[in-house]
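Residue numbers (our numbering): -12 to 304.
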């Protein structure tokens, strides 16, 4: 008898099982040699021949509601097939239409027969999983429209202007560091540097940070990208200098500030994706806040012992 984990895995595998498609053997036959005359003739072929599209398929009566199969009185429609086809991995989309059509139809027929075989026998666990899946899918449908309407060129430009229109050029820093466990180690290394030792070589030999292999180089960064004690030390340094030991939660650092530069605000195209993501997130949060504010919601579960969430045996009662 399957344990719960194995049973759930089997259900998931069958629910989204791959279409039973014939193995498409690769054609390893070398292409026939092409003569110069053939090549020239092909090159001179009318462009409209090369670009000719397949004729549009004939839409059956009923459109998406057209019945493609019936299993014990339950209809499977063309719409069911198209929806499943859209959810398939990309490699399936390259198959010939007749192969894909037959595979999708076979899968839906098999799923219908399997589903009917357990009709009325689903466990509480099964019913709750299906309920959660349906709720999650409908939530996604609801938010897709909100997100789609929120991001426009006007919204992007407004978000860009709000952040960058009056932004001052920001200072960027190019630095390297050596990270060690104790202040004593850092102080000793600082003395070696003052005595002429090479910072990068000491970093390679002593630093416990992942940047050690690159001589401790951190590349370019701006304010807010490093932990506060490190950032404050860098901002107080002169280019070309090495700091005294600086403590952070990671250990003790020696910092070499190589150079600084003033960076102009990014263009809209450079931050388009970032701004779009922020607009989408704000729209989603606002929409959910509006819906929940207008809904009648009670939460007796807030008084439950949170540990009850781990009592999966309740689903088997």
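We treat Cβ as the ideally placed atom computed from N, Cα and C, and that holds for glycine.
Contact set for residue i: own chain, Cβ-Cβ below 6 Å, skip 5 residues either direction
{"i": "residue 14", "result": "Residue placement at residue 14 cannot be trusted, given a pLDDT of 39 that sits under 50; what the coordinates show is reported in the next sentence. If we look at residue 14 and ignore the five residues flanking it on each side, it has no Cβ neighbours."}
{"i": "residue 179", "result": "none"}
{"i": "residue 154", "result": "252"}
From the options, residue whose alpha carbon lies closest to that of residue i
{"i": "residue 172", "options": "189, 185, 157 and 156", "result": "189"}
{"i": "residue 237", "options": "182, 54 and 167", "result": "167"}
{"i": "residue 246", "options": "299, 58 and 158", "result": "158"}
{"i": "residue 274", "options": "177, 137, 288 and 154", "result": "137"}
{"i": "residue 62", "options": "89, 96, 47 and 70", "result": "96"}
{"i": "residue 253", "options": "125, 105, 201 and 150", "result": "150"}
{"i": "residue 43", "options": "84, 285 and 53", "result": "84"}
{"i": "residue 259", "options": "139, 45 and 41", "result": "139"}
Buried versus exposed, by CB contacts within 10 Å (16 or more), residue i
{"i": "residue 91", "result": "buried"}
{"i": "residue 68", "result": "buried"}
{"i": "residue 232", "result": "buried"}
{"i": "residue 146", "result": "buried"}
{"i": "residue 304", "result": "exposed"}
{"i": "residue 278", "result": "exposed"}
{"i": "residue 194", "result": "buried"}
{"i": "residue 101", "result": "exposed"}
{"i": "residue 125", "result": "exposed"}
{"i": "residue 213", "result": "buried"}
{"i": "residue 262", "result": "buried"}
{"i": "residue 176", "result": "buried"}
7 Å CB neighbourhood of residue i in its chain, flanking five on each side removed
{"i": "residue 205", "result": "162, 163, 164 and 198"}
{"i": "residue 36", "result": "Low local confidence applies: a pLDDT of 45 at residue 36 is under 50, so the model's placement there is unreliable, with the coordinate-based value given in what follows. Counting only Cβ-Cβ distances below 7 Å, and skipping sequence neighbours, we find nothing."}
{"i": "residue 270", "result": "133, 134 and 137"}
{"i": "residue 66", "result": "51 and 52"}
{"i": "residue 64", "result": "51, 52, 53, 54 and 55"}
Host beta strand (DSSP E) of residue i (start-end)
{"i": "residue 157", "result": "157 to 167"}
{"i": "residue 249", "result": "238 to 250"}
{"i": "residue 46", "result": "That residue, residue 46, is in no beta strand (DSSP E); it is neither H nor E in DSSP."}
{"i": "residue 64", "result": "61 to 64"}
{"i": "residue 131", "result": "Note, residue 131: premise wrong, no beta strand (DSSP E); alpha helix (DSSP H) at 111 to 137."}
{"i": "residue 57", "result": "54 to 58"}
{"i": "residue 208", "result": "204 to 209"}
{"i": "residue 98", "result": "First-last for residue 98: 84 to 104, but that is the alpha helix (DSSP H), not the beta strand (DSSP E)."}
{"i": "residue 234", "result": "233 to 235"}
Residues near residue i in its chain [Cβ-Cβ closer than 8 Å; skip 5 each side]
{"i": "residue 234", "result": "170, 216 and 240"}
{"i": "residue 224", "result": "230, 242 and 244"}
{"i": "residue 250", "result": "156, 157, 158, 159 and 209"}
{"i": "residue 130", "result": "271 and 274"}
Whole-Å CB distance - residue i paired with residue j, under 8 Å assumed
{"i": "residue 255", "j": "residue 143", "result": "7 Å"}
{"i": "residue 72", "j": "residue 87", "result": "7 Å"}
{"i": "residue 229", "j": "residue 243", "result": "5 Å"}
{"i": "residue 202", "j": "residue 187", "result": "3 Å"}
{"i": "residue 58", "j": "residue 99", "result": "4 Å"}
{"i": "residue 109", "j": "residue 302", "result": "Not really, about 12 Å apart at Cβ, beyond 8 Å."}
Contact with chain D by residue i, beta-carbon distance below 8 Å
{"i": "residue 200", "result": "Going by chain labels, chain D is absent from the structure shown, which holds only one protein chain."}
The alpha helix (DSSP H) enclosing residue i, as first and last residue numbers
{"i": "residue 142", "result": "140 to 151"}
{"i": "residue 186", "result": "186 to 193"}
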